[in-house]
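Data first, discussion second: the structure below is written as structure tokens.
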Amino acid sequence: MARRYDSRTTIFSPEGRLYQIEYAMEAISHAGTVLGVLAKDGVVLAAEKKVTGKLLDMSGAREGGYGGSGEKIFLLNSNVISGVAGIAADANSLVNYARTAAQRHLFLYNEDIPVEMLTQRLCDLKQGYTQFGGLRPFGVSLLYAGYDPHYAFQLYHSDPSGNYSGWKATCIGANNGTAQSLLKQEYKDEIDVEEAVGLVLRVMSKTMDSTTLGSEKLEFATLTLDPATKQPKAKIYKPSEIDALLKKHDLGKKDEDTEMKTT
Amino acid sequence: MSIMEYNGGSVIAMVGKNCVAVASDLRLGNQALTVATNFEKVFPITDRIYLGMSGLATDVTTLRETFRYRVNMYTIKEERDIEPEAFAHLVSSTLYERRFGPFFIEPVIAGLSKTSSGAFRPYIAGADLIGCLNFAKDFVVAGTASEKMFGVAEGLWEPDLEPEDLFETISQTLLNSVDRDAYSGWGAIVHVITPEQVITRTLKARMD
Amino acid sequence: MDVSFALTGKGYVLVAADTTAARSIVKMKGDEDKIKSLGPHLLMAYSGEPGDTVNFAEYIERNIRLYQIRNLYPLRPPSAASWIRRSLADSLRSRSPYSVNLLLGGYDTSTYTPHLYWIDYLGTMATVPFAAHGYGSYFALSLLDRYHDPEAPLEEGLATLKRCIDEVSKRLVVAPGKYKVKVVDKDGIREVEL
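Residue numbers (UniProt numbering), protein chains in the order written: chain V, 1 to 263; chain B, 1 to 208; chain Y, 1 to 194.
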């Protein structure tokens with residue numbers, strides 16, 4: 001029966017549901033975890049990379065993309081970074097759209113686009129695919145971490161239906177339920193970036209399937225204010241920096257040989 | 001009255017040894033009336049390219065915003081910074097788009113371009129208001145004091161100046177030229193681009 | 001023949017414009033308000049071609065208002081200024097350009113700073129501590145060079161403004177008789193009597 005109502009995005013089922021959107025959400029709940037925590041002096045994002053093949057040629061990705069963007073964490077504008085969960089190809093298209101929208105705003109108003117407005121731009125596009133034309137909606141959820149002078153640091157989440165909401169800490173992708181309850185337990189108001197980094201890594205290490213965290217499975221980024229210029233500064237960590245960070249928080253891979261030697 | 005002289009202002013760029021310098025005055029006028037003395041005409045494009053524009057002030061602002069937009073889109077698509085050669089042609093084609101109703105500015109481009117060996121080579125270029133590029137080996141000038149700057153630069157400039165000496169040369173050239181020009185002056189700003197850093201200094205001049 | 005002045009002080013911007021609406025040599029009206037409120041903390045004095053001025057000012061007013069309705073917060077002064085400047089710059093190269101000169105004064109509630117912009121009909125924009133348009137500028141700017149203090153309290157700012165107006169009344173043949181003066185600061189916009 002359901003078959004009759006899920007072949008197009010535009011058609012409601014008799015129970016008043018849009019199946020394609022629910023399927024898109026389902027696709028996202030299998031994607032790599034993306035986690036965001038809002039602190040009083042910054043925002044922290046982390047993302048889990050799902051498949052890593054030994055034969056995949058990563059030489060082109062070593063330097064990172066625009067502003068050091070990786071596979072799952074992207075720089076959208078100088079004041080916004082985002083983590084994506086879902087179909088990578090759809091995500092790339094949305095990221096490209098967001099960057100263009102941000103540049104258009106900069107051109108028109110000579111200011112960085114406010115974070116909520118950028119979220120709205122993408123949600124308008126996503127909503128469009130639940131109503132017109134296309135065969136399916138975007139299979140992507142995003143977390144937006146950003147700064148603007150109106151509301152300072154912000155964290156937003158948007159889903160394939162075009163809904164968005166602001167959060168203090170949230171998680172999308174696989175195991176997001178576990179992560180959310182962990183965050184609910186551990187999040188404190190007035191948390192600072194330093195603590196937020198620790199919290200993100202801790203929750204990530206508990207939700208991810210693999211026993212040890214490493215740069216091949218994890219992407220990490222922070223958005224803070226540059227102390228000198230007071231302008232927002234996005235830092236998307238390079239693999240070596242991620243490994244160093246994990247080591248600092250005692251979550252990194254243990255080199256068994258050295259452990260044997262020291263004991 | 002020429003429209004190129006309506007707001008006044010001058011810019012200059014010079015080549016040094018492994019470095020380039022670009023400078024402008026700070027005056028914005030309405031013919032003989034000075035409206036503002038903080039109007040910079042040189043803008044950063046990348047960490048290693050600066051663009052100076054002299055001419056009609058509305059077009060200076062519009063083009064600054066246009067070039068920022070186009071360079072940012074280039075950076076996003078290419079995932080790397082634009083090189084001075086490519087940027088010069090972006091400037092040229094942007095100006096030529098308006099061949100029969102031009103922007104009334106003359107651009108001056110200064111930058112360091114990356115060679116295949118990883119070293120940096122100084123690059124400067126100027127253009128007319130419809131984008132005809134002029135590649136110079138020594139210096140380029142534009143604006144209401146350009147004739148004076150040609151003369152002074154011809155006398156002061158020499159090849160292979162170190163950053164500090166280049167700074168002195170370009171500063172003296174600009175300052176002494178704008179002192180003889182009623183439409184330029186009221187202070188100046190100088191940028192010296194080296195492979196390691198960009199040195200920016202604001203200069204006091206004859207404030208009259 | 002319009003005359004308008006504006007100056008910044010400690011935490012405020014003062015904007016003044018004459019109140020005459022003239023047609024050729026005839027004074028049609030003596031209480032015209034040529035300073036529009038574009039938002040809770042943004043003022044715009046407009047002058048230039050009669051007809052163009054009000055039409056353009058209303059176009060700007062409504063677009064700025066629309067932005068505020070859509071986003072629940074107003075454009076900040078620097079962004080509003082950039083957008084207005086672009087509107088004029090685009091208009092300049094359109095089939096029927098607007099001939100409107102503006103003084104834009106605003107108070108940025110997120111950085112707690114006053115802003116003043118001088119904008120002319122070409123789309124030239126300058127960020128300035130004080131500004132003037134019209135014949136008054138030839139008399140007022142030199143006075144402001146001498147007496148303006150960006151840290152002055154409101155009373156001092158008003159005194160400086162009065163100097164400018166008095167000088168114009170004394171020396172300009174076609175000096176306007178009355179001015180409207182508005183101030184924008186952290187509390188918003190209000191009209192003040194000189």
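C-beta atoms are modelled at their ideal positions from N, C-alpha and C, and glycine is treated no differently.
Quick check on residue i - is its C-beta less than 8 Å from some C-beta in chain V?
i	result
M73/B	yes
I76/B	yes
P114/Y	no
E79/B	yes
G11/Y	no
Y73/Y	yes
R86/Y	yes
E196/B	no
P77/Y	no
S91/Y	no
T169/B	no
Out of the options, which one is the CA nearest neighbour of residue i?
i	options	result
Q185/V	F107/V, F138/V, L199/V, T33/V	L199/V
P38/B	L144/Y, A126/Y, G157/Y	It is worth fixing the name first, because residue 38/B is Asn in this sequence and not Pro. Here the closest residue by C-alpha is A126/Y.
P44/B	G55/B, V22/B, S177/B, N30/B	V22/B
T58/B	S146/B, I82/B, K41/B, I12/B	K41/B
V128/Y	Y121/Y, F139/Y, L144/Y, G134/Y	L144/Y
N30/B	D120/Y, V54/Y, R85/Y	D120/Y
Y73/Y	S59/V, G65/V, H157/V, Y151/V	Y151/V
I81/V	G67/V, G214/V, L108/V	G67/V
Within 8 Å (strictly less), CB to CB, does residue i reach chain B?
i	result
Y237/V	no
A126/Y	yes
F107/V	yes
S137/Y	yes
G123/Y	yes
L144/Y	no
T258/V	Residue confidence is low: T258/V scores 49 on pLDDT, short of 50, so the model does not pin down where it sits. No coordinate-derived value is stated.
Y97/V	no
W83/Y	no
Y66/V	yes
Compute the Euclidean distance between the alpha carbons of residue i and residue j, then round it to the nearest angstrom.
i	j	result
A17/Y	R65/Y	23 Å
P102/B	L95/B	7 Å
I162/V	L142/V	It is Gly, not Ile, that sits at residue 162/V in the sequence shown. Looking at the two C-alpha atoms, the distance is approximately 11 Å.
P114/Y	P227/V	23 Å
D81/B	A110/B	15 Å
N92/V	L161/Y	56 Å
R121/B	L161/B	14 Å
E147/B	G155/B	13 Å
N79/V	G11/Y	28 Å
Ends of the alpha helix (DSSP H) at residue i?
i	result
H89/B	84 to 96
R163/Y	154 to 171
R62/Y	52 to 71
T119/V	115 to 128
I28/V	19 to 28
M204/V	193 to 207
K54/V	Where K54/V is concerned, there is no enclosing alpha helix (DSSP H), given that its DSSP letter is neither H nor E.
Any C-beta of chain Y sitting closer than 8 Å to the C-beta of residue i?
i	result
G52/B	no
N110/V	yes
residue 211/B	Nothing about residue 211/B can be read from this structure; chain B reaches only from 1 to 208.
P232/V	no
V35/B	yes
Which residue comes first and which comes last in the beta strand (DSSP E) that contains residue i?
i	result
M53/B	49 to 55
E48/V	42 to 48
M149/B	That residue, M149/B, is in no beta strand (DSSP E); its alpha helix (DSSP H) goes 146 to 156.
A188/B	188 to 193
L129/B	Note, L129/B: premise wrong, no beta strand (DSSP E); not H, not E.
S171/B	Segment 163 to 178 is the alpha helix (DSSP H) holding S171/B; no beta strand (DSSP E) there.
Return the chain-ordered list of same chain residues with a C-beta closer than 7 Å to the C-beta of residue i, the five sequence neighbours on each side being excluded.
i	result
V15/Y	A6, I35, L43, A45, L103, G105, K182
T263/V	Confidence at T263/V is low in this model, with a pLDDT of 45, below 50, so its placement is unreliable and no value can be given for it.
I'd like the list of long-range same chain contacts for residue i, defined as Cβ closer than 6 Å, with 5 residues on each side in sequence excluded.
i	result
A36/B	L28
M4/B	G55, F104
A85/V	I28, A31, V34, S141, I172, G173
W118/Y	A126, V128, A131
A169/V	V37, L183, Y187
A125/B	A88, I109, L133, F135
L246/V	L213, G252
P135/Y	As written in the sequence, residue 135/Y is Tyr, which differs from the Pro given in the question. Same-chain partners within the cutoff: L172.
P163/B	C19, V192, T194
State yes or no: is the C-beta of residue i nearer than 7 Å to some heavy atom of the ligand COA?
i	result
I84/Y	Although the ligand COA was asked about, the structure shown includes no ligands whatsoever.
CB-CB under 8 Å to residue i, same chain, minus the five flanking residues each way: which ones, in chain order?
i	result
R163/Y	L143, Y147
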